[in-house]
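In this note's numbering, the protein residues as written are 104 to 467.
A virtual CB, placed ideally from N, CA and C, is assigned to each residue, including glycine.
Only a predicted model underlies this, so the values are computations on that prediction, with no experimental measurement involved.
What follows is a short report on a single structure.
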Ligand SMILES: [Zn+2]
């Protein structure tokens, strides 16, 4: 089902839960469309009308679904009453898109209940995903191959968004900690590949918008700690921009502890850390420095958008990309990178599990 951007853009709920609202909306539409032209109300008494099987079903559903609901008809009249329902939808066009309006309230209600019952990590995940960047990936229809994810990557994207760990994942990682979804996207060398994939996309955008670049490719993750040279330097033809890409997981145990569960601080802290490492060097060279911070759940720092806007403003003629398309491209790259990290971690852990099992097997 679709959720609002503020709620992460996507959620799942059984269709059996939406069926009663669809029935109510259908009845409202048929009341409004048919009753004014029918003589059924003249022929049948109100009691007889209410005794019709579909009205009995409607009466039961209204009472079950809306007795304690915040959904009200105009003048604060309860929707749970068949009399109110009948009077309101007899002639009005309020039945238009009623199902969508009912579902919006039901979804908001459900999302609030899920949040209230969530654990600390689940709450952090919900908050990390409740933003425009993260939600944008659900709008990627495979109209062009550039905006499509493979089935395998989509499966991990949904697993990571909902917190449902892949069934084939072992319980423990090869590094002997619990193999959670958050651990899958942060453990091992594949995160270097994810970093370089994002770097590659940004350099490609720059090339398409006639911005010259200079890169310092990362070869090992360990080097990054002491490396004071930025990832990419952009030369758009005025000010020179030095940038450094970092991907952080706001729901990892480290960041959650450091920020006392406030996931909104993650990007800010990562930015400050990068500024500390690179800003002075960039200034000495007469350049500006911009940290490009991505969260594994999809949130991007505003500076990433500013950079994409700079590319778009450098468009000459008709060849160029819209900021929205570039942002979606980065989201897809990030999701692919996360899926690679997870596959890698799962495979490594399965191998480790097998080795351990082998070591413990009795010898014949
Ligand atoms: Zn690990």
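For the beta strand (DSSP E) containing residue 90, list its first residue and its last residue. Not covered by the structure: residue 90. The range shown for the chain is 104 to 467.
Check whether the segment 205-219 touches the segment 117-130, counting contact only when three or more Cβ pairs, one atom from each stretch, lie closer than 8 Å. yes
Which same chain residues, not among the five before or five after residue 305, have their C-beta less than 7 Å away from its C-beta? Residue 305 sits at position 202 when you count from the first residue of the chain shown. Same-chain partners within the cutoff: 335.
Near ligand 1: residue 354 beta-carbon under 8 Å from a heavy atom: Residue mapping note: residue 354 aligns to position 251 of the chain shown, counting from 1. No, the beta carbon of residue 354 sits no closer than 8 Å to any heavy atom of ligand 1.
What I want to know is whether the C-beta of residue 288 ends up closer than 8 Å to one or more non-hydrogen atoms of ligand 1. Counting from one through the chain shown, the residue named residue 288 turns up at place 185. No - ligand 1 has no heavy atom lying nearer than 8 Å to the Cβ of residue 288.
Under 8 Å: do the segment 381-400 and the segment 211-222 share three or more Cβ pairs, one atom per stretch? Cβ pair count under 8 Å is below three, so no.
My guess is that residue 518 and residue 439 are in contact by the Cβ rule of under 8 Å, so how many angstroms apart are they, rounded? Residue 518 is absent from the model: the chain starts at 104 and stops at 467.
Pick out whichever of 366, 349, 279 has its Cα sitting closest to the Cα of residue 396. Locating residue 396 in the chain shown gives position 293, where the first residue counts as 1. Nearest of 366, 349, 279 to residue 396, Cα basis: 349.
With distances taken between CB atoms, is the gap from residue 243 to residue 448 smaller than 9 Å? Start at 1 with the first residue of the chain shown, and residue 243 comes out as number 140. Start at 1 with the first residue of the chain shown, and residue 448 comes out as number 345. No, they are not a contact pair.
Heavy atom of ligand 1 less than 8 Å from the Cβ of residue 282, yes or no? Sequence index remark: in the chain shown, residue 282 carries index 179 (1-based). At least one heavy atom of ligand 1 is nearer than 8 Å to the Cβ of residue 282, so yes.
Chain-order list of residues whose beta-carbon lies under 8 Å from that of residue 269 (same chain, five-residue window excluded): As a first step, residue 269 is located in the chain shown; it is residue number 166 there, counting from the start. These residues qualify, in order along the chain: 258, 259, 262, 445, 449.
Are residue 135 and residue 202 close, meaning C-beta to C-beta below 9 Å? Here residue 135 refers to the residue found at position 32 of the chain shown. Here residue 202 refers to the residue found at position 99 of the chain shown. Taking 9 Å as the Cβ cut-off, residue 135 and residue 202 do not qualify as a contacting pair.
CB of residue 278 to nearest heavy atom of ligand 1: below 8 Å? Taking the first residue of the chain shown as 1, we reach residue 278 at position 175. Residue side-chain check: residue 278 places its Cβ nearer than 8 Å to a non-hydrogen atom of ligand 1.
Would you decide whether residue 274 is buried or exposed? Buried here means 16 or more other CB atoms lie within 10 Å of its CB. Indexing the chain shown from 1 puts residue 274 at position 171. Result: exposed.
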